[in-house]
Structure formats: C-alpha cells, structure tokens
Amino acid sequence: MSFRTLKQLLLGGIFLLAAASVQAQSYGRVVINEYMPWTSNSCGVPTEFVELLNFGPGPTNIGCYILTNGKYSVTIPPNTILQPGQYYVISGVNVLAQNCGNIDRAVTVDLNWNTCGCTNVAIPTTAPGFMADGGSGNPNMVLFDPNMVVVDAVTRATPAPAVSAISTSSVSSQCVRKTFDLDNVSINYEVLGMSTGNANSFARKLDGDCEWIKQPQISAGANNNKTSGGTSSITYSKNIVNAMDYCTGQRGAITITASGSNIASYFPMEYTIAYDADGNGVFDFSDTYTYGSDNTSPDIELTGLAGGSYRVTVGSYKGCNLKTFIFSILPCGPLLPIKLLHFGLAGSSPDAHTFTWRIADAEGLETVALESSADGSSFRTEFQEVLGRNSPRNYRQSVTRRSGTSFYRLRITGANGRPEYSRVINTGAGLTLHGLRPNPASDRTVLELQAPGDRPVRYRVHSIALPCST
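For the sequence shown, my numbering begins at 2 and goes up steadily by one.
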C-alpha cells in the first residue's frame, strides 16, 4: 500500500480506522527475540525458553498465538496483551534461576508449557525437550497468529527439520484448534547459520534486529546487547520536515533515513504509524494505526500528518531491523495561550465532589468548564465560567454527585473557539490498579493507578536478589 493511500485514510477515515482497530487488536511488531534450545545440565531440560518482544508502536493481543517447531506447539492463552516494549517469556518452569534464563537475575516466566494445558502433547522434560540439542541440532521456531499467518520464524539452518501434521491445543475451548504440517506451509525463515551451543541462547544482537548471535550472556525478559560492541546493520535518523499541520494542503511531515552497507537490499521498508487519537498520551487499542511501505532507499517519507502525537515503528520487509520514533505535529490554528498547571479531585462527600485547578494565564481564553460523564465518552457541563484578563488563576469548585456519574474533566476554550481538554478524573471509590508493565522489570516500569483523589500511594518493589523496598 502506498503512503498516498494511507494519508487519505489517516485524515479522512480516522474514525473508521479506530473502529476497525479494536477488532484486530494487533498494533505492534511481535518478534521471537531470543531462545535457548540446549540447556546446561545444572539448569535442566525444562529451562529451555523462548522470549517474545512487542516492539510497538502499539499494544498487541497475542492471545491464541501459536509457537511451534512443527513437533510441539504452545498456544498462548486468550486475551494476553503485550504492551510496546514488553517481553513475554515461555518456558517449562515457573522461574528461570539466575544464569538459566538471565545472567543478571532470576526470571519469572509468563507461560509454563508444562502446566498451562496449552500444548498439543506433553513436552518432554528430558533431553532433548522442546527443541533439538547438540551443535548440529537444528532448532527452529515459528510464531503464528490465530489465523495461521506467520508472525515470525527463525531456524539455525535450512532446510528446516522434517515434521508431520500436528493439532494445536484449544486451551480449554477458548482458542480454535489448528491442524497443520510445517512442511506444507510456506515460511520465510530468518536463518541463523551458526551451530547450537550448550548453555548458549540464540539472540538478536539488539532487540528487534536482523543480526543474530549465539551467546552465553543470556537475557530472558530483558533487552539484548549484553556483548560489547553490539551494533545493528542499519541505523536510522529522523528529520521533521514540517512540524505543523496547517489544515490546508500542507500537513505535517517527517523523513526517516536508513543508513548501512548495501542499504537498498533492506527495502522495501514497512512501517506502522500510531496516532494518539484521544490525546491521552497513551497508545492503546482506542487509537488509530495505519500501515504502509516505502520502496525507495534510503528515505522513508511520511507526509499528510494531522496535528497530534505519534509513534512510528519502521523495519525491513524481512520483519526485523526495527526502530521506533516518537514525535508530535503541532495542530492547526493558534495554540491556546495557557498552561493548565493542575487539575485534581480535592475531596468527596456523600453529596458532592470538590475539584481544584490552576492555570498559568487566562489571557486569550474564552471559558473554562467542568464537565461530567457516566461512561467517560459523552460529557455534560456542570460548571462554566467566562474568563477574562483579570480572571483568577486558582479555582475550587464543588459539584453535586450524580448516580452513575464518575468521570470529570475540564474544557478550556480559547478566543478562537477551539477547545482543549484536561485529563479525565475517575472518582470511582477505591484504589484500582489498571496496569503495571513490564513486570518483572530490569530498569523501569509504568504503574497505572486510579484513585478517588490526589493522595500519596505506597508501593513495594520486590527483588529475587535484594531485600524489597517501599
């Protein structure tokens, strides 16, 4: 698909795409990032592992995906969501001890194929286990989506080992059982071309890269590149050609340039553009995702971009050499001369909610309104004030509690008539955990909480090797 077609979809059919995207639930590039086919005697055969990675730009539901070598298969339980940058480790144990999955720490496995009830047959716990052993062994791995479309496939050498037909698990009738013979499936494997090493994993040199290495510096559940001098065969650079959407024939535009030896051989480049349609700063299933490819090296030109926040993930047609860029295009029309410094729930009583907010400057503004909603989508006005040059900067406003109404936001309208919105506050009682990803984490994690007001929150971080801290 040419980007000219994509441009029309992004601008003219944004709501259609958003609706279609909810059904597909696949807005990230998922790859087989690392796998351990031949374990050490001290770790044991069941510590074989396969690490998947969602490179982004959006989340992907990998539920009912099938991981197989043609002899054994593992069906991932339904509604398993991988956020951008999140790893998913599959193994035959619950915990990979340090030096069995990762040289830095123990790793909690996301899916244990010996206890999940999601394999075609029982996977042996004695050699060779799930994957072939020995230096000349040829462990191959194929990842299918629920429609039997190949998501990723790797093998040590071609031809891949001969197999026979198998039928996958239905995971207690939650997934559709598939019957196939890999010998009869057209698969474009990434060929590693190196012998299998005892206690060595096969890993992409960098996360999402096309280059593979055999390494003892295993890194399940964490980023690759534990070897010195690990560099990709392709480097990318981003240039914002037009930083503003003028709401005319001139829209936002960027160029991504790929550099490397024989760069034309990596083209066409494929890309996924994530557009933060609801402006909440989170790329999720409610946002807009478009896809395209560029055949002309070395530049990937993305034009016709509406104002807003974006992520774009680019990669070779081979399905690797992945890179994600984050950028914004300024919206058309003058920006509101305001900075909303604070908006929060100050407190609640049986009869009312009290909100506070602070603005940096009211000059150039028309109105500020406090809005409520029962579903977080359709809002009604609870309070509105006309603003002027001498309007206050600090506000405190109480509104009557309405049954079934728990979502609140500010709508600030400028003199140009264009509204801007604050974050949405959910006044639902109690503290609710909406997300923690990735977990476990090696360097950083994102914690999403819902609370009935602004208040301190205590949390505890657990480590296998160190005491927990609060």
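Ideal placement from N, C-alpha and C gives every residue a C-beta, glycine not left out. Since the structure is predicted, the reported quantities are computational estimates derived from the model, not experimental observations.
Asked, Found
"CB of S234 within 8 Å of CB of G261, strictly", "yes"
"Cα-Cα separation between V94 and G59, rounded to whole angstroms", "29 Å"
"Expected contact under 8 Å - CB spacing of R157 and L183 to nearest Å", "Going by Cβ atoms, the distance from R157 to L183 rounds to 15 Å, so no, they are not a contact pair."
"Exposure of D300, with buried meaning 16 or more beta-carbon neighbours within 10 Å", "exposed"
"Reduced DSSP secondary structure (H/G/I, E/B, other) of V400", "strand"
"Nearest-angstrom beta carbon gap, S379 and T406 [assumed within contact, 8 Å]", "With a Cβ gap of about 11 Å, T406 and S379 do not count as contacting."
"Local conformation of N42 per DSSP, three classes", "coil"
"CB of A363 within 8 Å of CB of L303, strictly", "no"
"Helix, strand or coil at P140 [DSSP, three-state]", "coil"
"Exposure label - I167; buried when at least 16 CB within 10 Å", "buried"
"Nonlocal neighbours in the same chain, by C-beta distance under 6 Å from E383, ignoring five residues either side", "L371, S373 and V400"
"Residues that F181 bridges to, as DSSP identifies them", "I167"
"Residue environment, R106, which counts as buried when at least 16 other CB atoms sit within 10 Å", "buried"
"P47 (DSSP reduced to helix, strand or coil)", "helix"
"C-alpha distance - R394 paired with A361, whole-angstrom precision", "6 Å"
"Where I512 sits in the DSSP three-state scheme", "Since the first and last residues shown for the chain are 2 and 471, residue 512 lies out of range."
"Local conformation of V315 per DSSP, three classes", "strand"
"Between the CA atoms of T116 and L207 - distance to the nearest angstrom", "31 Å"
"Between the CA atoms of T414 and I214 - distance to the nearest angstrom", "55 Å"
"Under 8 Å between C-beta atoms of F145 and I67", "yes"
"Environment of D352 [buried if 16+ CB atoms lie within 10 Å]", "exposed"
"Straight-line gap, Y396 to V242 (C-alpha atoms, nearest Å)", "40 Å"
"CB contact flag (S27, N62, <8 Å)", "yes"
"CA-to-CA distance, M270 to G316, given in whole angstroms", "6 Å"
"According to DSSP, residues forming a beta bridge with P420", "T414"
"Check whether F50 and V32 have beta carbons under 8 Å apart", "no"
"Buried or exposed (CB count within 10 angstroms, at least 16 for buried), S170", "buried"
"One or two residues paired with R359 in a DSSP bridge", "H343 and N395"
"For N113 and L342, the rounded distance between their alpha carbons", "47 Å"
"Supposed close pair V143, T69 - CB separation, criterion 8 Å", "5 Å"
"Beta-carbon proximity of W92 to V110, cut-off 8 Å", "It should be pointed out that residue 92 corresponds to Ser in this sequence rather than to Trp. Against a cut-off of 8 Å, the Cβ pair of V110 and S92 comes out as a contact."
"Proximal residues to M132 (C-beta, below 7 Å), its chain only, five neighbours per side dropped", "P38, E49, N70 and P140"
"Three-way DSSP call (helix, strand, coil) for Q385 in this model", "strand"
"Close beta carbons around R381, own chain, < 8 Å, minus the five adjacent residues each side", "E372, S373 and S374"
"Identity of the residues DSSP links to M132 by a beta bridge", "Per DSSP, none; premise fails for M132."
"Length of the line joining the Cα atoms of T314 and G45", "38 Å"
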